[in-house]
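S.K.: Below you will find the structure I want to go over with you.
Residue numbers (my numbering), protein chains in the order written: chain A, 1 to 563; chain B, 564 to 1126.
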């Protein structure tokens, strides 16, 4: 790959003809060089057929995002370079703006740059590396990439383009900026006519709004239009929601691409500059979470080449919501559920679960767990040494259910879905290898109070989830008459405290100062911190909030802080 | 906390009296501010009683290392500042060099610095922030810290000290340096008399040797003595091995502190400068791994306030080695094992396991799994739809064992130890929630071929592990006549390929070019990559190699690279 690292002055700078720019918002798969390339080449052809001058893809779109430690393999980088060569070969008559890694040519510093390329007429015309490398929450970019030291613009068909990668436009207008540099500030002396940003910006329920704020701040500061091209699709637990956008110099959203799906849209630059439109999409928290989880499920299965799911249906609200989301994502023919009543299950739990399965048109099996439960009690009698019923026996029931579900999973190829919510996962209210089992946690980033909102959203056009599953007091049904409220505060109290601790990183005193009971706050934080070992061993959690359990939240298992 | 950020010119620069320097190599616990402070204050008192002028602790020793996302809590930083204040108050007549975080006073950049402080006579005399922030493998420092922009030295009792933090002395002499800056180069114009480095440098079997090389390179380059103070102890999966060292200007190792244990040692600076000693410790790979795992086990239990372990003993070499290490770490009274034969277990498996338990003097119970296995086959008969015996039934057996072990764990408070080796974990040869269960993976970073070496090491003064457990062909005993070699290549072939892929990050062609069979290589890499979902849900793995599964190896679950 030969790159001309210096920016390139076009011949037709004065020829200010209208330019047509296509944004290709695509769903990539990490490491699927062939598939990612094929998609991009199709979009190049379509953009050409629409007479676009330029087509813009996403950040690291040759490799998929986030490629994580695959970036440490020379072989992986070689494959990205091959994709870039093929894109270059396809750039006859059309400019291609695409993100791909670049090998750092000097020995000092990290081995790679995270770059945006401009390809045109079978040449690499320009490359700009990323400067601001997000290294927080789910991001690890400084693990792999060296920040750019130089910042330039490039002239293409008479227009001067400022090309940036994702985070590089996020350091303006913040009260507490994360970085000391602002790449667009460095490019402005070259007087760009427009900004193009290639992104891999992940979803959370607040992020689409935050993102438009950032875009508006950039346009207000630099006074030129902004073409923002995001990726979409789920990558294990991380959802990319698309929502690419075009902003006019007046700060209005000229267009916003759809959330959660692929799209190719073309824009006449002159029309964008003229402005006068405001086409922002609605952003309802529960709708976004609902749609994000469905995409998360679809892509987890689709990208792994899988189709079928299984889950345990208890008659409670968590497994009910999970079953609905799975059915909407995978189709009723691909979802089966298992009802596994014990001696402690209420009779209407089974009825509620059956009613839901029937509403959804999914297969259900009923496998009572009393026989294996009795067998284990018998063979364990001696080693239990006559100690009374406690959490051990509760866990045995949960683990028997986990074993049954995994057996069906293994025999028939249905992936087990985890049905735990974020409130439970936070305080460790769940059994490792039991109800915490599963290949993917569907609602593990949804607090219980939001699970109720999701259920209401699902039922808004008629009852899908039986009202009784929603109305009855939450219970694990692992001992006679058990209720969640026996060992946990009400979720209306618990969830706000968890939110302050997990999302807001408030310490105990700061939470108490918000008016919560001191003893309760300390007890809850202690539960969160002493149960990290369970979360360490659970499935990836589809991320829908700014701070989900998993890759974006890294706390020690062994420690003595608030524990 | 008031800090004088500029370096401090002492009054007695000309008074070149002999200086006595104490290195305190301590085992800290993340977040245990009280405990960490207490340890340090005791060492300050001991150093004072030995007439030391200066006592040197480790990196971030107020908080413990690595504090991970706890650093994002203002409350956590406040507690670190309180510890630093108390240390400052104890610095009457003795200089204290200690690592602690510092709040970044300007809004731009990350919120914190990773700093080394010099406290003396109840004042913060000097602070130098860390510049090179390791962000690779297990390290995430750029997630939290802003790099230092200024580099200065400080005069203390007539000597000019260059204080650095860990990685800051690691960027010299490398062919491919990770960073573009070298902090010591920036300090040299101030002509320091000696270097002091506070570290939290983790163990792997090659690292003690690498570390001394780095120290020697620094002394050779700068020509002054080096006092290197490392921490020791395990923090969940990461082992800090100590091995603090003092190097004379001639490049000889004047002293090396013990591996894997706490120590306080005092040195006359004049003697160190004189040199003429070489006191490097022996570094045998298997001995180091053995000792590291024992420390890892001790601290996992000790720091969580736990005592007792349980594990399944199969009669094979992996569980045998794990049982020995656990017994050596926790004492025979705290380790119990369970033998869980099935219809597929060979009779001498039980005999070998019994013999080992008797050799170790640990409690064993025998709980055959045929009853629950039959029960599950009965209740699952209908949903299995008459499909033949396959991996499902193998997994049912493994999960029954997992359930039994967890029941004993829950009832009696024994933490379940995982017995999988690195070769198995790499290729996914194990059952999720079955033999992959457990709170801590003891030998999950030890390839099978090294497990044999560990067994030989354990038996070197007489048979502890029955020879038959070592000599017989490895088998999971989950179907009649099963052997590992039915589905895996010999470990002598498998392990080097895994090493090239995992530790060396070689791509398939590079491994094939080393002379390995192409089909085999591609099959093995595919097994590694398609089994990431299992490793995602397993226990933390005690890290003994430069690339362990877990926090230091971050690859996507959903991807299509070599899969």
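For glycine and all other residues, C-beta sits at the position ideal for the given N, C-alpha and C.
Along the chain, where does the beta strand (DSSP E) that runs through residue 692 of chain B open and close?
M.R.: On the second chain, residue 692 of chain B is found 129 positions in, with the first residue counted as 1. Note, residue 692 of chain B: beta strand (DSSP E), 686-692.
S.K.: Within the 8 Å Cβ cut-off, does residue 537 of chain A reach chain B?
M.R.: The residue labelled residue 537 of chain A in the question sits at position 537 within the first chain. It does: the Cβ of residue 537 of chain A has a partner Cβ on chain B nearer than 8 Å.
S.K.: Given residue 805 of chain B, which residues of its chain have a CB within under 8 Å of its CB, disregarding the five upstream and five downstream residues?
M.R.: By one-based count along the second chain, residue 805 of chain B stands at place 242. Taken in chain order, the residues that qualify are 588, 793, 794, 795, 820, 821, 822, 823, 824, 825 and 826.
S.K.: Can you give the Cα-Cα distance for residue 862 of chain B and residue 1002 of chain B, rounded to whole angstroms?
M.R.: Numbered from 1 along the second chain, position 299 holds the residue referred to as residue 862 of chain B. Numbered from 1 along the second chain, position 439 holds the residue referred to as residue 1002 of chain B. One C-alpha to the other measures close to 13 Å.
S.K.: When you compare the CB positions of residue 811 of chain B and residue 835 of chain B, do they come within less than 8 Å of one another, or not?
M.R.: Residue mapping note: residue 811 of chain B aligns to position 248 of the second chain, counting from 1. Residue mapping note: residue 835 of chain B aligns to position 272 of the second chain, counting from 1. Yes. Within cutoff.
S.K.: Rounded to the nearest angstrom, what separates residue 607 of chain B and residue 908 of chain B at their Cα positions?
M.R.: Walking along the second chain from the start, residue 607 of chain B turns up at place 44. Walking along the second chain from the start, residue 908 of chain B turns up at place 345. Using only the alpha carbons, I get a separation of about 58 Å.
S.K.: When the Cα atoms are used, what is the spatial distance from residue 432 of chain A to residue 421 of chain A?
M.R.: Taking the first residue of the first chain as position 1, residue 432 of chain A is located at position 432. Taking the first residue of the first chain as position 1, residue 421 of chain A is located at position 421. Answer to the nearest angstrom: the Cα atoms are 14 Å apart.
S.K.: Chain A partners of residue 938 of chain B, CB-CB under 7 Å?
M.R.: Taking the second chain and counting its residues from 1, the one referred to as residue 938 of chain B is at position 375. Correct list: 371, 372 and 375.
S.K.: Under 8 Å, Cβ to Cβ, is there at least one residue of chain A near residue 1103 of chain B?
M.R.: Stepping through the second chain from its first residue, residue 1103 of chain B is reached at position 540. For residue 1103 of chain B, the answer is yes, since a Cβ of chain A falls inside 8 Å of its Cβ.
S.K.: Check distances from the C-beta atoms of the segment 679-699 of chain B to those of chain A and list, in chain order, the residues that come in under 7 Å.
M.R.: Cβ contacts with chain A come from 698 and 699.
S.K.: Would you kindly report the start and end of the unbroken beta strand (DSSP E) that includes residue 758 of chain B?
M.R.: Residue numbering aside, residue 758 of chain B sits at position 195 when the second chain is read from its first letter. Segment 757-761, the beta strand (DSSP E) holding residue 758 of chain B.
S.K.: If the cut is a Cβ gap below 8 Å, which residues of chain A does residue 740 of chain B touch?
M.R.: As a position in the second chain, residue 740 of chain B is number 177, starting the count at 1. Within chain A, the residues near residue 740 of chain B are 107, 108 and 109.
S.K.: Report yes or no: do the segment 356-365 of chain A and the segment 387-399 of chain A share at least 3 C-beta pairs separated by less than 8 Å?
M.R.: No contact exists between the segment 356-365 of chain A and the segment 387-399 of chain A.
S.K.: Taking beta-carbon pairs under 7 Å, can you tell me which members of the segment 969-1000 of chain B lie near chain A?
M.R.: Residues 969, 970, 971, 973, 974, 996 and 1000.
S.K.: If contacts are defined as beta-carbon pairs under 8 Å, then residue 693 of chain B and residue 677 of chain B qualify, I think. What distance do you get, rounded to the angstrom?
M.R.: Counting from one through the second chain, the residue named residue 693 of chain B turns up at place 130. Counting from one through the second chain, the residue named residue 677 of chain B turns up at place 114. 4 Å between Cβ atoms; contact.
S.K.: In chain A, what lies closer than 7 Å to residue 799 of chain B by C-beta?
M.R.: As a first step, residue 799 of chain B is located in the second chain; it is residue number 236 there, counting from the start. Within 7 Å Cβ-Cβ: 556, 557 and 558.
S.K.: Excluding the 5 residues flanking residue 1106 of chain B on each side, which residues of the same chain have their C-beta closer than 6 Å to its C-beta?
M.R.: Against the second chain, residue 1106 of chain B aligns to sequence position 543. These residues qualify, in order along the chain: 800, 801 and 1008.
S.K.: Is it a yes or a no for the segment 679-687 of chain B touching the segment 695-703 of chain B, going by three-plus beta-carbon pairs under 8 Å?
M.R.: Contact between the segment 679-687 of chain B and the segment 695-703 of chain B is absent, because fewer than three Cβ pairs lie under 8 Å.
S.K.: So, helix, strand or coil for residue 372 of chain A, using DSSP?
M.R.: Position 372 of the first chain, counting from 1, holds the residue named residue 372 of chain A. Helix at residue 372 of chain A.
S.K.: Can you find a C-beta in chain A that's less than 8 Å from the C-beta of residue 1107 of chain B?
M.R.: Translated into the one-based positions of the second chain, residue 1107 of chain B becomes position 544. Answer no: the Cβ-Cβ gap between residue 1107 of chain B and chain A never drops below 8 Å.
S.K.: Note down the Cα distance separating residue 76 of chain A from residue 803 of chain B, rounded to an integer number of angstroms.
M.R.: For the purposes of this step, residue 76 of chain A is taken as residue 76 along the first chain, with counting starting at 1. For the purposes of this step, residue 803 of chain B is taken as residue 240 along the second chain, with counting starting at 1. When rounded, the distance between both Cα atoms is 32 Å.
S.K.: Can you check whether the C-beta of residue 1159 of chain B is within less than 8 Å of a C-beta belonging to chain A?
M.R.: Given a span of 564 to 1126 for chain B in the structure shown, any question on residue 1159 of chain B remains unanswerable.
S.K.: Taking the Cβ atom as the reference point for each residue, do residue 780 of chain B and residue 735 of chain B lie within a distance shorter than 8 Å?
M.R.: Counting from 1 along the second chain, the entry for residue 780 of chain B is found at position 217. Counting from 1 along the second chain, the entry for residue 735 of chain B is found at position 172. For residue 780 of chain B and residue 735 of chain B, yes; Cβs fall inside 8 Å.
S.K.: Using the Cα positions of residue 611 of chain B and residue 722 of chain B, report the straight-line distance between them to the nearest angstrom.
M.R.: For this step, residue 611 of chain B is matched to residue 48 along the second chain. For this step, residue 722 of chain B is matched to residue 159 along the second chain. Going from the Cα of residue 611 of chain B to the Cα of residue 722 of chain B covers about 19 Å.
S.K.: According to DSSP, simplified to helix, strand and coil, what is residue 928 of chain B?
M.R.: Position 365 of the second chain, counted from the first residue, corresponds to residue 928 of chain B. Residue 928 of chain B: strand per DSSP, three-state reduction.
S.K.: Compute the beta-carbon to beta-carbon distance between residue 1071 of chain B and residue 1056 of chain B, rounded to the nearest angstrom, for a pair I have assumed lies under 8 Å.
M.R.: Residue 1071 of chain B sits at position 508 when you count from the first residue of the second chain. Residue 1056 of chain B sits at position 493 when you count from the first residue of the second chain. With a Cβ gap of about 15 Å, residue 1071 of chain B and residue 1056 of chain B do not count as contacting.
S.K.: Using 10 angstroms around the beta-carbon of residue 944 of chain B, count the other beta-carbons present and answer buried if the total reaches 16, otherwise exposed.
M.R.: Along the second chain, read from residue 1 onward, the residue named residue 944 of chain B stands at position 381. By the 10 Å Cβ count, residue 944 of chain B comes out exposed.
S.K.: Determine the extent of the beta strand (DSSP E) in which residue 683 of chain B is found, giving its start and end residues.
M.R.: The residue you call residue 683 of chain B lines up with position 120 of the second chain. Its beta strand (DSSP E) spans residues 675-683.
S.K.: Is residue 1050 of chain B buried or exposed, if buried means 16 or more other CB atoms sit within 10 Å of its CB?
M.R.: Within the second chain, the letter at position 487 stands for residue 1050 of chain B. Exposed: under 16 other Cβ atoms inside 10 Å.
S.K.: Would you mind working out which of A:430, A:514 and A:460 sits nearest residue 477 of chain A, comparing C-alpha positions?
M.R.: Taking the first chain and counting its residues from 1, the one referred to as residue 477 of chain A is at position 477. The candidate whose alpha carbon is nearest that of residue 477 of chain A is A:430.
S.K.: Go ahead and label residue 1118 of chain B buried or exposed: buried means 16 or more other beta carbons lie within 10 angstroms of its beta carbon, across all protein chains shown.
M.R.: The residue given as residue 1118 of chain B occupies position 555 in the second chain. Label assigned to residue 1118 of chain B: buried.
S.K.: Once you ignore the five residues that flank residue 372 of chain A on each side, which residues in its own chain have a CB closer than 7 Å to its CB?
M.R.: Taking the first residue of the first chain as position 1, residue 372 of chain A is located at position 372. Excluding residues within five positions, the ones whose Cβ falls inside 7 Å are 400.
S.K.: Using 8 Å as the limit for Cβ to Cβ distance, is residue 142 of chain A near chain B?
M.R.: To locate residue 142 of chain A, count along the first chain from 1; it is residue 142. At least one chain B Cβ lies under 8 Å of residue 142 of chain A.
S.K.: Please list, in chain order, the chain A residues whose beta carbon lies closer than 7 Å to that of residue 965 of chain B.
M.R.: Start at 1 with the first residue of the second chain, and residue 965 of chain B comes out as number 402. 433, listed in chain order.
S.K.: Quick one: complete beta strand (DSSP E) runs, 3+ long, within the segment 848-925 of chain B?
M.R.: Qualifying beta strand (DSSP E) stretches, in chain order: 872-875 and 898-902.
S.K.: Out of B:893, B:656 and B:930, point me to the one whose CA is closest to residue 865 of chain B's CA.
M.R.: Here residue 865 of chain B is taken as the residue at index 302 of the second chain, counted from 1. For the residues B:893, B:656 and B:930, the minimum Cα distance to residue 865 of chain B belongs to B:893.
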